[in-house]
Each structure stands twice: as C-alpha cells, then as structure tokens.
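Report on one structure; see the data block that follows.
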Amino acid sequence: MSREARPLPVPAPRRARRTLPRLGGVALLAGALIAAGATAAVAAPATADGSGVVPAAAAPGGPRTTPGPCGYTATPEDPAARPVPLPPDPRRTPEKGHVRVTLRTNHGSIGLTLDRAAAPCTVQSFLHLTRHRFYDRTSCHRLTAYPTLSVLQCGDPSGTGSGGPGYRYRDELPTDLPPAPTDPTGERRLYARGTLAMANAGPDTNGSQFFLVYADSALRPNYTVFGSVDAAGLATLDRIAAGGVAPTEEDPAPVDGAPALPVEICKAVRHHR
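Be aware that the sequence shown starts at 9, since it is given in the numbering used here, and climbs by one per residue.
Structure below.
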C-alpha cells in the first residue's frame, strides 16, 4: 500500500530546489523539472585564438547569456555550487551521435550513453560540466521508491538539492514517450527503467542536476531526456535502491529522501571512443 508523501522541505533562500514531484498513491502532488524544444544551436564565429568559445554577452542590466542557439544564461541570483564557466555555445551544436560517460561511484560504475539528437544543448552542458570536474566528489542526494516514481537524483555539489552550476538553459522536452500504463488520465508518460533525464525547478531552468530511473516511472513529460543507463549501471542502481531511503525522526520508513546507502560520484569520465 502506498504511503502519503510528506511535503518538500523549504529550500534555502534564493535557491530553487531542482526536483521531481512527490507522490501520494498514483497521483502527483507537486512538480517541477525540464521541458524542451530540441533544436540545433547556432552561435558566433571562432575567437581570435581559434578556440571557438565566445565570451558570454552581457545585456545591459541583465545576466550574461552565451550568443549561440543554446543560450546558456548566468544566474547570479543562484550562484554556482562549484565554480564553473558558461558552456561553449557554437553556431552548430553537435546534434548527431552518442557520447559515453561513466560515473564512478562508491557502489560501482554507472555507464551513461548521451544522445545528442535528443537534447543537443543538454548533452553539451553535461559534457562541459564533466570536463570541468563539476560532478567529481559529489553525492546523490535523493532516492525515491514510490510505486510510480523510482529514481536516483544527483548533480548538486552542495548535496542539498538546491545547488547548480550558476547558469540555466532551455528545455528540450521529449515528444515520443509512450503513455504511462499506470495513469488513467493519459497525462503522464513512461520514463522507462534506464532513462537519464534532467531535474529542474520549472520551465527552462535546466542546470546540473539529473536523475537516473531504476524502475519504470510515470511523469508528465516536463523533463529533458538526454540519454540512457547501461546494464552494469542499472545493476549498481539496483544495489543502491535495495538499501532504501534513510529513515528520519519524522518518518522511520520513508519512500523519498537521502539514500540509506550514501552515494558518491567519485569521478565522471568521458570516453572519446
């Protein structure tokens, strides 16, 4: 029998918690994450040093935004949990092919395959953060074990669920997810076991936090899907999920909260071949 979800803790001032909905039975009680409009990027010409990385433009009185089609925008009101520059935003952001990344955790490796065609700007940002070691030595702060929401959420160096990279970018929402068989309303879609997707704090607020789906889940299609988890990674996720959610004083048997088996991403590694 499913348990009623407890409310989200109040986030720290000026920090928007990137999160998935909490559930009560099969009904979503609250929600916020990512949407998308996957289009290829178009940015500025190469710099004098040939790097192709153009400095972010600073609008008068506004935040810095990169000049390409991804439009990564600095969030001074929500500063980076770990210093990192804005990502490259080339005129033609790669929108074909796959990239392999491995998250080496204290419970084993989690292999990811990033799909450029599904979400080119998201993949560009994820690889940028990986290259700058943003994900190294970070904890996965949230595990859910609802009948219709089973994910591990990671990507916040602060470990609070409110931290990000100091920038945001547009949604690249999926349009081909099948209806969730557990939702008679037809509003929710199937985020299948093995899905890799972005967490958010509302429309067009993608940053660094992501979630790994270890069992079929039902969500509104508001979260950018940008890859998948390999078989070995799913075995690692299963071990973490088997440990359950850490009990608290208020809730001795929670289904949403910190993993009972603390999870650390020791290193995120991109494989070029």
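For every residue, glycine included, the Cβ atom is placed at its ideal position computed from N, Cα and C.
This one's a predicted model, so the numbers in the text were calculated from it and none came from an experiment.
Which same chain residues end up closer than 7 Å to Ala-223 when comparing Cβ atoms and leaving out the 5 residues on each side of it in sequence?
Translated into the one-based positions of the sequence shown, residue 223 becomes position 215. The answer, listed in chain order, is Ser-158 and Arg-201.
Residues in its own chain within less than 7 Å of Ala-254 by CB, not counting five upstream and five downstream?
For the purposes of this step, residue 254 is identified with residue 246 of the sequence shown, where counting begins at 1. If we look at Ala-254 and ignore the five residues flanking it on each side, its Cβ neighbours are Gly-265, Ala-266, Pro-267 and Ala-268.
The beta strand (DSSP E) spanning Val-131 covers which residue range?
Locating residue 131 in the sequence shown gives position 123, counting from the first residue. Counting along the chain, Val-131 falls outside any beta strand (DSSP E), though it belongs to the alpha helix (DSSP H) covering 128–139.
In chain order, what residues of the same chain lie with their CB nearer than 6 Å to the CB of Ala-43, ignoring the 5 residues before and after it?
Indexing the sequence shown from 1 puts residue 43 at position 35. No answer about Ala-43 holds up, because its pLDDT of 28 lies below 50 and its placement is not dependable.
Going by Cα to Cα distance, which pick from Asn-214, Thr-183 and Cys-78 is closest to Gly-171?
Position 163 of the sequence shown, counted from the start, is the residue given in the question as residue 171. Relative to the Cα of Gly-171, the nearest Cα in the group Asn-214, Thr-183 and Cys-78 belongs to Asn-214.
Which residues does DSSP list as the beta-bridge partners of Ala-223?
Taking the first residue of the sequence shown as position 1, residue 223 is located at position 215. Its beta-bridge partners are Ser-158.
Does the Cβ-Cβ distance between Val-277 and Ile-248 come in under 8 Å?
Taking the first residue of the sequence shown as 1, we reach residue 277 at position 269. Taking the first residue of the sequence shown as 1, we reach residue 248 at position 240. For Val-277 and Ile-248, no; Cβs fall outside 8 Å.
Is the beta carbon of Asn-121 less than 8 Å from the beta carbon of Val-263?
Against the sequence shown, residue 121 aligns to sequence position 113. Against the sequence shown, residue 263 aligns to sequence position 255. Note that residue 121 corresponds to Thr in the displayed sequence, not to Asn. The answer is no: Cβ separation not under 8 Å.
Buried or exposed: Pro-98, going by 16 or more other Cβ atoms within 10 Å of its Cβ?
Numbered from its first residue, the sequence shown carries residue 98 at position 90. Pro-98 comes out buried.
Quick check on the DSSP output: what are the complete alpha helix (DSSP H) runs of length 4 or more inside the region 65–93, in order along the chain?
none
Does the region 162–176 touch the region 184–193, meaning 3 or more C-beta pairs lie closer than 8 Å?
no
Taking its Cβ as the centre, do 16 or more other Cβ atoms sit within 10 Å of His-115, making it buried, or is it exposed?
Reading the sequence shown from its first residue, position 107 is the one you call residue 115. Its Cβ being crowded by 16 or more others within 10 Å, His-115 is buried.
Leaving aside the five residues before and after Val-107 along the sequence, list all residues of the same chain whose C-beta is less than 6 Å from its C-beta, in chain order.
Numbered from 1 along the sequence shown, position 99 holds the residue referred to as residue 107. Leu-122.
Note down the Cα distance separating Val-109 from Thr-256, rounded to an integer number of angstroms.
As a working mapping, residue 109 is identified with position 101 in the sequence shown. As a working mapping, residue 256 is identified with position 248 in the sequence shown. Val-109 and Thr-256: Cα-Cα distance of roughly 34 Å.
Check the DSSP bridge columns for His-106 and list the partner residues they point to.
Within the sequence shown, residue 106 is the residue found at index 98, counting from 1. In DSSP, His-106 forms a bridge with Asp-123.
What does Gly-265 pair with, by DSSP beta-bridge criteria?
Here residue 265 refers to the residue found at position 257 of the sequence shown. Residue pairing by DSSP places Gly-265 opposite Leu-151 in a beta bridge.
Counting only the same chain and skipping the five closest in sequence on each side, list residues whose C-beta sits under 6 Å from that of Thr-299.
Residue 299 lies beyond the range of the chain shown here (9 to 281); nothing can be said about it.
Who are the near neighbours of Asp-238 in its chain, counting only those whose CB is closer than 6 Å to its CB and skipping five residues on each side?
As a working note, residue 238 is residue 230 in the sequence shown. So the list reads Gly-119, once near-sequence residues are dropped.
Among Glu-258, Pro-91, Ala-125 and Thr-193, which has the Cα closest to the Cα of Thr-287?
Residue 287 falls outside the range modelled here, since the chain spans only 9 to 281, and no answer is possible.
Locate the beta strand (DSSP E) running through Leu-204, then write down its first and last residues.
For the purposes of this step, residue 204 is taken as residue 196 along the sequence shown, with counting starting at 1. Per DSSP, the unbroken beta strand (DSSP E) holding Leu-204 starts and ends at 203–206.
Just tell me which of Arg-196, Tyr-177, Tyr-154 and Arg-228 has its CA closest to the CA of Ser-133.
By 1-based counting over the sequence shown, the position of residue 133 is 125. Comparing Cα-Cα distances from Ser-133 to each of Arg-196, Tyr-177, Tyr-154 and Arg-228, the minimum goes to Tyr-177.
Any idea which residues DSSP pairs Asn-214 with across the strands?
For the purposes of this step, residue 214 is taken as the residue at position 206 of the sequence shown. Tyr-177.
Would you say Leu-204 and Phe-234 are within 8 Å of each other, going by their C-beta atoms?
The sequence position of residue 204 within the sequence shown is 196, counting from 1. The sequence position of residue 234 within the sequence shown is 226, counting from 1. Against a cut-off of 8 Å, the Cβ pair of Phe-234 and Leu-204 comes out as a contact.
Give the single residue among His-280, Pro-95 and Leu-227 whose Cα lies nearest to the Cα of His-140.
To locate residue 140, count along the sequence shown from 1; it is residue 132. It is Pro-95.
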